[in-house]
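K.L.:
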Amino acid sequence: MTMQTAAAIKTGKTTFSSQRNAVFRFSVTPETIWIEQQKTKQQWQCTVSSVHDFALKSTRIPHDVVMEYLAMSLDRSEAIRRGDVEVDLLSIGGRRMRLKLSLNFSIAGKAWKPEYQFNLEPIPVTETQMLRAELLETEEMLGLLYAIVPAWVLNSDDPSISRHERAMQVVALKGATFWLQLCTLTKSAMEDPEMHVKTVTKWSVSAVRNSCGAAAQYWSVLTHKAVEAFSTVGQFLSEQCAENA
1 MTMQTAAAIK TGKTTFSSQR NAVFRFSVTP ETIWIEQQKT KQQWQCTVSS VHDFALKSTR
61 IPHDVVMEYL AMSLDRSEAI RRGDVEVDLL SIGGRRMRLK LSLNFSIAGK AWKPEYQFNL
121 EPIPVTETQM LRAELLETEE MLGLLYAIVP AWVLNSDDPS ISRHERAMQV VALKGATFWL
181 QLCTLTKSAM EDPEMHVKTV TKWSVSAVRN SCGAAAQYWS VLTHKAVEAF STVGQFLSEQ
241 CAENA
């Protein structure tokens, strides 16, 4: 992963109206814009020495103010960002992307909409960088799993723990097991140059996703008492409890 090392104004995840069903990571510094498609790990970057070079019309808005607005808009959800600021990501061919930023101001009752277009160049991504991105994503999934299943830190032999909490522990510990397997496979990939890194990580990342999904479904059962979900997920967790009894 080639995210900038300079102090960033903002980093995070975002979506764009023109890129449906896709989630992007972003990093905005005073002089760079970096974007990564979370699923494909494709990356793009734009060096911004002066925002005035990217303005459709000449404006006097300071460089730092525009970059702050850009960072703020990327950090907002699509629904919230509508109004005073708009941002979108468009494909312009040759694997290049264009980030469009529109600012909406009202001065003395008159609308003013300065616009900027930042052309993002593709960044070559090595297998090692892709592996690091996969590891980061897996760590985030595991963190989400632990947030959903807080009971995993408790002593499974404690008689005060309910059956539901014990079942949740099993799901969380499964997630930890998948993470250890991922680390082991990663080590093997590094030691064996003939082993393809993407192949090594594919199963482990998928397994952690499935573990997070199972935990999320079961949490929904506990909070919303969904009978339909309970019949499926409850049976799965009961089997896991029986195996670990």
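Those letters in the sequence shown? Residues 1 to 245, by UniProt numbering.
Glycine is no exception: its CB is placed at the ideal position from the N, C-alpha and C atoms.
Return the residue from the list S50, P114, G109 and S27 that minimises the CA-CA distance to W44.
P.N.:
Looking up residue 44 in the sequence shown gives position 44. Here the closest residue by C-alpha is S27.
K.L.:
Out of A111, L120, L103 and F105, which one is the CA nearest neighbour of I94?
P.N.:
Position 94 of the sequence shown, counted from the start, is the residue given in the question as residue 94. For the record, residue 94 in the displayed sequence is Gly; it is not Ile. Of A111, L120, L103 and F105, the residue nearest in Cα terms is L120.
K.L.:
To the nearest angstrom, how far is it from the Cα of T126 to the Cα of P30?
P.N.:
The residue you call residue 126 lines up with position 126 of the sequence shown. The residue you call residue 30 lines up with position 30 of the sequence shown. About 26 Å.
K.L.:
Please report the straight-line C-alpha distance between H63 and F54, rounded to a whole angstrom.
P.N.:
Along the sequence shown, one-based indexing puts residue 63 at 63. Along the sequence shown, one-based indexing puts residue 54 at 54. Looking at the two C-alpha atoms, the distance is approximately 11 Å.
K.L.:
Apart from the five residues just before and just after E36, which ones in its own chain have a Cβ nearer than 6 Å to its Cβ?
P.N.:
In the sequence shown, residue 36 corresponds to position 36, counting from 1. Only R25 and Q43 meet the Cβ criterion.
K.L.:
In this structure, how does DSSP classify Q70 when only helix, strand and coil are distinguished?
P.N.:
Along the sequence shown, one-based indexing puts residue 70 at 70. The amino acid at residue 70 is misidentified as Gln; the sequence shows Leu. Helix.
K.L.:
Grab me the residues of V66's own chain with a C-beta within less than 6 Å of its C-beta, minus the 5 sequence neighbours each way, in chain order.
P.N.:
Numbered from its first residue, the sequence shown carries residue 66 at position 66. For V66, where only same-chain residues beyond five positions count, the Cβ hits under 6 Å are V51.
K.L.:
Mind checking whether A22 and T15 have CB atoms under 8 Å apart?
P.N.:
Translated into positions along the sequence shown, residue 22 becomes position 22. Translated into positions along the sequence shown, residue 15 becomes position 15. In contact: A22 and T15 (Cβ atoms closer than 8 Å).
K.L.:
So with Cβ pairs under 8 Å, would you call F16 a contact of chain D?
P.N.:
As a matter of chain content, chain D is missing from the structure shown, which is built from one protein chain.
K.L.:
Kindly list the residues whose CB is nearer than 6 Å to the CB of F105, restricted to its own chain and excluding five residues on each side of it in sequence; keep chain order.
P.N.:
Looking up residue 105 in the sequence shown gives position 105. Answer for F105: W112, listed in chain order.
K.L.:
Does the beta-carbon distance from L89 to Q19 come in below 8 Å?
P.N.:
Against the sequence shown, residue 89 aligns to sequence position 89. Against the sequence shown, residue 19 aligns to sequence position 19. Yes, the pair counts as a contact, with Cβ atoms nearer than the cut-off.
K.L.:
Identify which residue in S17, K100 and L70 has its Cα closest to the Cα of G9.
P.N.:
For this step, residue 9 is matched to residue 9 along the sequence shown. In the sequence as displayed, the identity of residue 9 is Ile instead of Gly. Of S17, K100 and L70, the residue nearest in Cα terms is L70.
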